[in-house]
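The numbering of the sequence shown is the numbering used here, which starts it at 419 and goes up by one. Note that CB positions come from ideal geometry on N, CA and C, so glycine has one too.
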Amino acid sequence: MCTYKNSEKDSEIDWIRMRSDIGDNTIGTKFGTYLAFDMTSTTIPSSRTLLISPYLDNTVQYCFQYYYRRYGDGQGSLIINRQTFTNMTVDDLLVKHESNDFTNEWKIHQIVLNPLLNQTS
């Protein structure tokens with residue numbers, strides 16, 4: 419998973435690296451990999467899974483590009499938060515929320531993370 423990791427707390431389900439006959443999202447071969455989680459493996463309503471990125475410098479602009487595919491009943495929402503630390507408290511800033519796109523095909527999204535004013539890295 420490169421430098422991304424599963425959250426050790428606040429997560430009932432882990433992300434796993436997978437390969438499938440469906441094909442990857444780039445050149446469509448079965449040799450590519452992707453990250454996934456299985457919501458059918460839990461019976462806990464409102465379960466969530468968290469994937470933590472490496473540390474990002476708050477004074478730099480980033481372009482976060484990702485592909486996703488969601489299919490089937492009960493897929494819930496895809497929420498991307500930007501977590502910052504201010505005066506030793508954690509602030510979650512909602513970056514992206516997608517809850518109703520259930521086509522069985524890869525979708526690409528891109529998010530620009532602008533530098534945060536008055537934040538130290």
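Option in the options with minimal Cα separation from residue i
i	options	result
K544	Y473, T502, L531 and Q483	With the chain covering only 419 through 539, there is no way to say anything about residue 544.
Q501	N476, Y485, E523 and M436	N476
M421	P472, L468, C481 and G450	Correcting the residue type first, residue 421 is Thr in the shown sequence and not Met. Considering only alpha carbons, the answer is P472.
S465	H527, E523 and W433	W433
I540	S495, Y485 and S429	An answer regarding residue 540 cannot be provided, because it is not within the stretch 419 to 539 covered by the chain.
H527	S429, L453 and C481	C481
Backbone secondary structure at residue i - three-state DSSP
i	result
T502	strand
N532	coil
Q479	coil
I445	coil
K427	coil
R435	strand
L474	coil
Beta-carbon separation (whole angstroms), residue i vs residue j, contact threshold 8 angstroms
i	j	result
I431	F455	5 angstroms
Q479	L531	7 angstroms
CB contact flag (residue i, residue j, <9 angstroms)
i	j	result
N540	R487	Residue 540 is absent from the structure shown; the chain starts at 419 and stops at 539.
S438	K427	no
I497	I529	no
Residue i, buried or exposed, once every other Cβ within 10 Å from all chains shown has been counted against 16
i	result
S539	Residue placement at S539 is flagged as unreliable, the pLDDT there being 49, under the threshold of 50; a coordinate-derived value is accordingly withheld.
T451	exposed
T467	buried
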